[in-house]
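Engineer: Can you keep this structure in mind? I'll have questions shortly.
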Amino acid sequence: MHPQIQTLIEIIKTTVKQDIISIILFGSAAKGHLRKESDIDLLIIVKEYNEPVCKEYWKQIKKNGYQMLGIPIDPIFAEEKALTDFTSPFYLDVIADGKVIYGKDVLDKTTFERYNISPIITGGVRIGWRVSA
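Residues in the sequence shown are numbered consecutively from 484, following the working numbering.
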């Protein structure tokens, strides 16, 4: 694992004072397309989502992550059940492209086949998702 990712995991583990189920890297970093102007997108799955508490964690992770790594960090917090929201293109994108970097593998890659969900591709780029009956 890349040393910066390991540092980021340690920042999150020391900041988040509740049960972390999983940390998922997504976006350009997960796809291997990290550029100078990119940020690091993370979905942090916690046992119980509490908005005021998670908002404070969000601030600390962004600040500490940037100070230690020099890269903008964009953490999002959710409970595990959020990954079963198949009406959300965001969560479908995370399931398709995300990489678990810490904790339980909560990305059910069979979701697409089981629920007849397929990508909508235009010009070689995925622009959305189609659910077939």
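Even for Gly, the Cβ is constructed at its ideal location relative to N, Cα and C.
Computed from a prediction, not measured in an experiment: that's the story for all the values here.
My assumption, with CB atoms under 8 Å, is that L552 sits in contact with L491. Please give the rounded CB distance.
Structural biologist: Looking up residue 552 in the sequence shown gives position 69. Looking up residue 491 in the sequence shown gives position 8. Contact flag correct, Cβ pair sits at about 7 Å.
Engineer: What span of residues does the beta strand (DSSP E) with R613 cover, start to end?
Structural biologist: Residue numbering aside, residue 613 sits at position 130 when the sequence shown is read from its first letter. Unbroken beta strand (DSSP E) run through R613: V608 to V614.
Engineer: With distances taken between CB atoms, is the gap from A512 to I503 smaller than 9 Å?
Structural biologist: Your numbering for residue 512 matches position 29 in the sequence shown. Your numbering for residue 503 matches position 20 in the sequence shown. In this structure, I503 does not lie closer than 9 Å to A512 by Cβ.
Engineer: DSSP three-state call for K582: helix, strand or coil?
Structural biologist: What you label residue 582 is simply residue 99 of the sequence shown in a count that begins at 1. If DSSP states are grouped into helix, strand and coil, K582 belongs with the strands.
Engineer: Kindly indicate which residue of R609, T605 and E596 has the alpha-carbon position closest to the one of S615.
Structural biologist: Stepping through the sequence shown from its first residue, residue 615 is reached at position 132. Per the Cα distances, E596.
Engineer: If the criterion is Cβ atoms closer than 9 Å, does the pair Y585 and K496 meet it?
Structural biologist: As a first step, residue 585 is located in the sequence shown; it is residue number 102 there, counting from the start. As a first step, residue 496 is located in the sequence shown; it is residue number 13 there, counting from the start. For Y585 and K496, yes; Cβs fall inside 9 Å.
Engineer: With a threshold of 6 Å on Cβ separation, who are the neighbours of K582 within its own chain once the five nearest residues in sequence on each side are excluded?
Structural biologist: Along the sequence shown, read from residue 1 onward, the residue named residue 582 stands at position 99. Excluding positions up to five away in sequence, the list reads L508 and A513.
Engineer: Below 8 Å on the Cβ atoms is my contact criterion, and I expect E531 with E562 to pass it. Report the Cβ-Cβ distance as a whole number of Å.
Structural biologist: On the sequence shown, position 48 is the one that residue 531 refers to. On the sequence shown, position 79 is the one that residue 562 refers to. Contact holds; Cβ gap of about 7 Å.
Engineer: What do you get for S505, buried or exposed, if any count of 16 or more other CB atoms within 10 angstroms of its CB means buried?
Structural biologist: As a working note, residue 505 is residue 22 in the sequence shown. It is buried - the Cβ of S505 has at least 16 other Cβ atoms within 10 Å.
Engineer: What are the start and end residues of the alpha helix (DSSP H) that includes L525?
Structural biologist: The sequence position of residue 525 within the sequence shown is 42, counting from 1. Unbroken run through L525 is the beta strand (DSSP E), I523 to V529; no alpha helix (DSSP H).
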